[in-house]
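Participant: Take this structure first; my questions come after.
2 protein chains.
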Amino acid sequence: VALNSTAGLARLANASHPAAFHHIATHLETQRNQAFCSAATSVTILNALAGAGVDAPVDGFYAPYAYYTQRALFENACVRRAKTHVYRVNMSPKFLARGGATLEEWALYLSCFVGQAGVARHHADANENDANAFRVVVKATLADAPNAFIGVNFRRVEIGEAGGGHMRRVRIHAGPRTTAPIGAYDDAADAILVMDVSRYKYPPVWTPLRALHDAMLAVDEASGKSRGWVVV
Amino acid sequence: VALNSTAGLARLANASHPAAFHHIATHLETQRNQAFCSAATSVTILNALAGAGVDAPVDGFYAPYAYYTQRALFENACVRRAKTHVYRVNMSPKFLARGGATLEEWALYLSCFVGQAGVARHHADANENDANAFRVVVKATLADAPNAFIGVNFRRVEIGEAGGGHMRRVRIHAGPRTTAPIGAYDDAADAILVMDVSRYKYPPVWTPLRALHDAMLAVDEASGKSRGWVVV
Chain A
1 VALNSTAGLA
11 RLANASHPAA
21 FHHIATHLET
31 QRNQAFCSAA
41 TSVTILNALA
51 GAGVDAPVDG
61 FYAPYAYYTQ
71 RALFENACVR
81 RAKTHVYRVN
91 MSPKFLARGG
101 ATLEEWALYL
111 SCFVGQAGVA
121 RHHADANEND
131 ANAFRVVVKA
141 TLADAPNAFI
151 GVNFRRVEIG
161 EAGGGHMRRV
171 RIHAGPRTTA
181 PIGAYDDAAD
191 AILVMDVSRY
201 KYPPVWTPLR
211 ALHDAMLAVD
221 EASGKSRGWV
231 VV
Chain B
1 VALNSTAGLA
11 RLANASHPAA
21 FHHIATHLET
31 QRNQAFCSAA
41 TSVTILNALA
51 GAGVDAPVDG
61 FYAPYAYYTQ
71 RALFENACVR
81 RAKTHVYRVN
91 MSPKFLARGG
101 ATLEEWALYL
111 SCFVGQAGVA
121 RHHADANEND
131 ANAFRVVVKA
141 TLADAPNAFI
151 GVNFRRVEIG
161 EAGGGHMRRV
171 RIHAGPRTTA
181 PIGAYDDAAD
191 AILVMDVSRY
201 KYPPVWTPLR
211 ALHDAMLAVD
221 EASGKSRGWV
231 VV
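Keeping their order, the protein sequence lines are chains A and B.
Each residue of the first sequence is one higher than the one before, starting from 1 at the first, in full-length UniProt numbering.
Each residue of the second sequence is one higher than the one before, starting from 1 at the first, in full-length UniProt numbering.
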């Protein structure tokens, strides 16, 4: 169910957990290129956390204003020291552009930013946490917005979208995968509003929670593990 | 009143003209640099108009998917032929980066895209159209969303924001000025939700319609005329 439909808007208006939506929507970024879904998701969530005391860096394009950008993210010294899971090379825009990040790689570079201001962070593999556990985390996190947000790393095909799109041109990492922030949850429909950062392809969409969990269960060929979620 | 406040969200939930909001929010772009407010506003509105039959170009970064970007906007042949008002030179990213666009320059390059699919377009100077006329246009346009949207070109100081920001570094065009899409209108408060594309500085904010009209009345030093609005 597309958000921009009568049913989609009605579901948001009556959702049991709508509070993250306006914070995510206000800062939602289009990924810079077809492999930067994790970067755009990170930037969206980190900017949404400004009210929770997460300081942003100053990107030269916007000086003197502080704002997370997909460029400034990788100028961070901690990120540049982070060893990627697959190749044991350092994280960089070039590495990410080749094939995107696995769940672990994403959580690794994200942890450079969310240690500050007492903001907790954890990531979870879907195969170690079933749909019921995921639902509990979704509800708890969205109830805590704007002090916490949640993002997911999943395979598109399980939620009815064309597979992996942005991974077709590069085969180094293999495994179509995407990353997106969650905007809302509705108990009655047991559905999650996924706010895709591939805005050139997919509008925000209500997805059954179980379908999204299935989409996270799919093994990522690059890591040999399932996908999963990150709570920031 | 910030959108991300209890009062701001309540106003949106009960607004008399809320229909444009989700379309604009879904595609809201951060301006690429501090002079690209008109470009980011154009891209946001043009992408929101996809459902109304406005075809997007394919930016190489997102091929094969079609989506307006602040880069692809200026690769358009019609835009590259457009003579800017002030210098009688052709419109280009370089021209825009020097000092942004006046209302006329913005309307000129925007007209390259909105002639298609029968989408009407007009722009209006604030000093030729009083606040009552503006209110009529706002209501009619927002009632027609997602087939029509409205953007404003204004001076920040009148709506209580720090003046001009992005114009401080460049003095060629002079005159602090910004451009932004409108997300909603509420009759009861007579207020407009301005969705700023300088997301590194300003969140979406409810602004009294009369203050916004005053902000459009201010003469733009570059053109010698008032600012105003564009309906797409």
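Using N, Cα and C, we set each Cβ at its ideal position, and we do this for glycine too.
What is the DSSP secondary structure of Leu193/B, counted as helix, strand or coil?
Facilitator: strand
Participant: Specify, as a first and last residue, the run of the beta strand (DSSP E) that Asp125/B falls within.
Facilitator: Where Asp125/B is concerned, the enclosing beta strand (DSSP E) stretches over His122 to Asp125.
Participant: Report the neighbours of Asn4/A on chain B: residues whose CB is nearer than 7 Å to its CB, in chain order.
Facilitator: Neighbourhood of Asn4/A in chain B, by CB distance below 7 Å: His22, His23 and Thr26, in chain order.
Participant: Per the contact definition of three or more C-beta pairs closer than 8 Å, is the segment 189–196 of chain A in contact with the segment 97–107 of chain A?
Facilitator: no
Participant: Bridge partners of Gly228/A, per DSSP?
Facilitator: Asp125/A and Asn153/A
Participant: Helix, strand or coil for Thr179/A, going by three-state DSSP, please let me know.
Facilitator: strand
Participant: Taking Cβ to Cβ, would you say Asp186/A is nearer than 7 Å to Ala15/A?
Facilitator: yes
Participant: With 7 Å as the threshold, decide whether the Cβ of Asn127/B is near any Cβ in chain A.
Facilitator: no
Participant: Name the residue from Phe36/A, Pro146/A, Met91/A and Ala63/A whose alpha carbon lies nearest to the alpha carbon of Asp196/A.
Facilitator: Phe36/A
Participant: Counting only beta-carbon separations shorter than 7 Å, does Phe154/B have a partner in chain A?
Facilitator: It does not; no Cβ of chain A falls within 7 Å.
Participant: Output, in chain order, the set of chain A residues within a Cβ distance shorter than 7 Å of Tyr62/B.
Facilitator: Gln34 and Tyr200
Participant: Taking 7 Å as the CB-CB cut-off, is Tyr65/B touching chain A?
Facilitator: yes
Participant: Let's test the definition: count the other Cβ atoms within 10 Å of the Cβ of Glu75/A and tell me whether it reaches 16, buried, or not, exposed.
Facilitator: exposed
Participant: For Val58/A, I'd like the list of residues in its chain whose CB is within less than 6 Å of its CB, leaving aside the five on either flank, ordered along the chain.
Facilitator: Ala66
Participant: Would you grab the beta carbon distance between Trp229/B and Ala124/B for me? Rounded to a whole angstrom, and I think it's under 8 Å.
Facilitator: In this structure Trp229/B is in contact with Ala124/B, their Cβ atoms being roughly 6 Å apart against a cut-off of 8 Å.
Participant: Nearest by alpha-carbon distance to Ser5/A: which of Met216/A, His213/A, Ile24/A and Val205/A is it?
Facilitator: Val205/A
Participant: Over what stretch of residues does the alpha helix (DSSP H) that includes Val205/B continue unbroken?
Facilitator: For Val205/B, there is no enclosing alpha helix (DSSP H); the residue is part of the beta strand (DSSP E) that begins and ends at Val205 to Pro208.
Participant: Are the C-beta atoms of Pro203/B and some chain A residue less than 7 Å apart?
Facilitator: yes
Participant: Alpha helix (DSSP H) containing Lys94/B: first to last residue?
Facilitator: Pro93 to Gly99
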